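Position 298 of the sequence shown, counted from 1, bears residue number 291 in the working numbering, the numbering being contiguous throughout.
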Amino acid sequence: MNTKTLGYSTMIVSAALMGCVGLFARNINTSGDVIAFTRMTVGAICILGLMFYQGKTSLIKATKITSTVIASGACLGLCLAAYVSATQYTTLANAVFLIYTGPVFSTILAAIFLKEKISKLTASLLTAVFIGCLFIIGIINYSATDGLTVSLSFSKENFIGDMLGLASGVGYGLYLFFSRYRTDVSSDSRSFFNFLFGAVAIGVCFVVKPPSLADMNTSSWIWLISMGFFIGFGALTLLTIAAKHLKAAELACVSYLETVVGAGIGIAMFGESLTLLQSIGGILVIGGGMGEIVISMTKKRVALKNSQLEH
């Protein structure tokens, strides 16, 4: 499997798992920072155990810890904590929209600091999935009386939640951006340090505001640990692998698949429904994200075929 195929494959699975966050979170009776801390901690323990079993722990010792390694993990942990907390203080639409400004931030930062070129086609696909995301979460809506409306607002009542949502978006964008540095670090080691420094960053927040576990029952603990394994260890490890093999814009396109998975779970398991605009949004997200993959694969096949004909 070539590096691009590996990057796209791991990113698709990661986005699908991340789309299951709502399913797990609705069954856990605690705050968002506790959920995020558990995801980071379980992820760190699992990847360390896996590396020990494979005899790769020497890779951890050999890794030079730099500011970007620490920053990527810290940004990932804090953005996840801020996102879940944001849903408790503002509307879900605002929270989801604001965290998904992250890939846009990372694409702009990568273009400025890493000199990554954004083709017109990639920019068009990124725009398509972004607009599709707005349709799905209801930021852009339509009614016979009001016509096409944009519902994002920063009211006094939602200010704290909106600021947390914006922080989660910035944190996610910075994580994607910092992940493009130090590509010399193995995926296993990078995953471990992402989990570790993510947990440490959230742990520092616990010192300022201690968490409450008073409402946690047996069912909540089972859901919490399961979430830590599947959406912590599984999804974020795959995201780390993808970030090593894909450009920021490519990651951005495919990451929006998460909104489609989340909407599908809502329909199948919670009796939620999609409006016409949300359905169109889903098509835009899938078409934009998959379009990046299909076009990349097609170019490689054409190039390979031309190379074979020349020889």
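Every residue gets a Cβ at the ideal spot worked out from N, C-alpha and C, and that includes glycine. The model shown is predicted, which means the values in this text are computed figures rather than measured ones.
Practice problem: For the region 280 to 289 and the region 236 to 255, state whether three or more C-beta atom pairs, one from each stretch, are separated by less than 8 Å. | Solution: Segments in contact, yes.
- Task: Tell me whether the beta-carbon of serine 182 lies closer than 8 Å to the beta-carbon of threonine 59.
- Result: Position 189 of the sequence shown, counted from the start, is the residue given in the question as residue 182. Position 66 of the sequence shown, counted from the start, is the residue given in the question as residue 59. Between serine 182 and threonine 59, the gap from beta carbon to beta carbon reaches 8 Å or more.
Inset, instruction - Give the C-beta separation of threonine 3 and leucine 231 to the nearest angstrom, bearing in mind that I take them to be a contact with Cβ-Cβ under 8 Å. - result: Walking along the sequence shown from the start, residue 3 turns up at place 10. Walking along the sequence shown from the start, residue 231 turns up at place 238. Confirmed, Cβ separation roughly 4 Å.
N-terminal and C-terminal residue of the alpha helix (DSSP H) that isoleucine 132 is part of: Taking the sequence shown and counting its residues from 1, one reaches residue 132 at position 139. Neither: isoleucine 132 is in no alpha helix (DSSP H) and is coded neither H nor E.
For alanine 37 versus phenylalanine 222, is the C-beta spacing smaller than 8 Å? For the purposes of this step, residue 37 is taken as residue 44 along the sequence shown, with counting starting at 1. For the purposes of this step, residue 222 is taken as residue 229 along the sequence shown, with counting starting at 1. No, they are not a contact pair.
Valine 178 (DSSP reduced to helix, strand or coil): Your numbering for residue 178 matches position 185 in the sequence shown. DSSP places valine 178 in coil when its eight states are reduced to three.
Please state the DSSP three-state secondary structure of leucine 239. By one-based count along the sequence shown, residue 239 stands at place 246. If DSSP states are grouped into helix, strand and coil, leucine 239 belongs with coil.
| request: Grab the span of the beta strand (DSSP E) containing glycine 66 for me, first residue to last. | output: By 1-based counting over the sequence shown, the position of residue 66 is 73. It is not in any beta strand (DSSP E) - glycine 66 instead sits in the alpha helix (DSSP H) that spans 60 to 79.
Next item on the list: Excluding the 5 residues preceding and the 5 following valine 224 in the sequence, name in chain order all residues of the same chain whose CB lies nearer than 7 Å to its CB.
Entry: In the sequence shown, the residue the question calls residue 224 occupies position 231. Note that residue 224 is isoleucine in the sequence shown, not valine. Counting only Cβ-Cβ distances below 7 Å, and skipping sequence neighbours, we find Leu10, Met11, Cys13, Val14, Phe17, Arg32.
Can you tell which of Ala261, Val253, Ala228, His238 has the C-alpha that lies nearest to the C-alpha of valine 35? Within the sequence shown, the letter at position 42 stands for residue 35. Answer by Cα proximity: Ala228.
What's the gap between the Cα of alanine 29 and the Cα of serine 213?
Along the sequence shown, read from residue 1 onward, the residue named residue 29 stands at position 36. Along the sequence shown, read from residue 1 onward, the residue named residue 213 stands at position 220. Near 14 Å, if we compare the C-alpha coordinates of serine 213 and alanine 29.
For alanine 64 versus phenylalanine 199, is the C-beta spacing smaller than 8 Å? One-based indexing of the sequence shown puts residue 64 at position 71. One-based indexing of the sequence shown puts residue 199 at position 206. Using a Cβ distance threshold of 8 Å, alanine 64 and phenylalanine 199 do not count as a contacting pair.
request  = Look at the alpha carbon of tyrosine 174 and the alpha carbon of asparagine 134, and state the distance between them as a whole number of angstroms.
outcome  = For the purposes of this step, residue 174 is taken as residue 181 along the sequence shown, with counting starting at 1. For the purposes of this step, residue 134 is taken as residue 141 along the sequence shown, with counting starting at 1. As the crow flies, the alpha-carbon of tyrosine 174 is around 39 Å from that of asparagine 134.
Quiz item: How many angstroms separate the CA atom of serine 266 from the CA atom of glutamine 301?
Solution: Along the sequence shown, read from residue 1 onward, the residue named residue 266 stands at position 273. Along the sequence shown, read from residue 1 onward, the residue named residue 301 stands at position 308. Rounded to whole angstroms, serine 266 to glutamine 301 spans 50 Å at the Cα level.
request  = Specify, as a first and last residue, the run of the alpha helix (DSSP H) that threonine 34 falls within.
outcome  = Counted from its first residue, the sequence shown places residue 34 at position 41. 25 to 46 is the extent of the alpha helix (DSSP H) around threonine 34.
Cβ pair count under 8 Å reaching 3, the region 45 to 52 against the region 286 to 299:
By the Cβ test, the region 45 to 52 is not in contact with the region 286 to 299, since fewer than three Cβ pairs between them sit closer than 8 Å.
Would you check if there are 3 or more beta carbon pairs closer than 8 Å linking the region 151 to 165 to the region 64 to 77? By the Cβ rule, the region 151 to 165 counts as touching the region 64 to 77, because three or more pairs are nearer than 8 Å.
inquiry  = Restricting to runs no shorter than 3 residues, where is the beta strand (DSSP E) found entirely within the region 153 to 235?
reply    = If only complete runs of 3 or more residues are kept, the region 153 to 235 shows no beta strand (DSSP E) anywhere.
Exposed or buried, which one is valine 287 when buried takes at least 16 other CB atoms within 10 Å?
-> Sequence index remark: in the sequence shown, residue 287 carries index 294 (1-based). Around the beta carbon of valine 287, a 10 Å sphere encloses fewer than 16 other beta carbons of the protein chains shown; the residue is thus reported as exposed.
On a Cα-Cα basis, can you pick out the residue from Ile129, Ile234, Val27 that is closest to methionine 220? As a working mapping, residue 220 is identified with position 227 in the sequence shown. From the listed residues Ile129, Ile234, Val27, the smallest Cα separation to methionine 220 is found for Val27.
How is leucine 141 classed by DSSP in three states: helix, strand or coil? As a first step, residue 141 must be located in the sequence shown, where it is residue number 148. Taken through DSSP and simplified to helix, strand or coil, leucine 141 comes out as strand.
| request: Taking serine 119 and threonine 100 to be in contact with their CB atoms under 8 Å, please state how far apart those CB atoms are, rounded to whole angstroms. | output: Mapped onto the sequence shown, residue 119 falls at position 126. Mapped onto the sequence shown, residue 100 falls at position 107. First, the amino acid is wrong: residue 119 is leucine here, not serine. Taking 8 Å as the upper bound for CB-CB distance, leucine 119 and threonine 100 are in contact here, some 7 Å apart.
Where serine 136 sits in the DSSP three-state scheme: Against the sequence shown, residue 136 aligns to sequence position 143. Residue state, collapsed to three classes: strand.
Check your understanding: According to the neighbour-count rule (16 or more other Cβ atoms, all chains shown, within 10 Å of its Cβ), is glutamate 150 buried or exposed?
Key -> Here residue 150 corresponds to residue number 157 of the sequence shown, with the count starting at 1. Looking at its Cβ environment, which holds fewer than 16 other Cβ atoms inside 10 Å, glutamate 150 is exposed.
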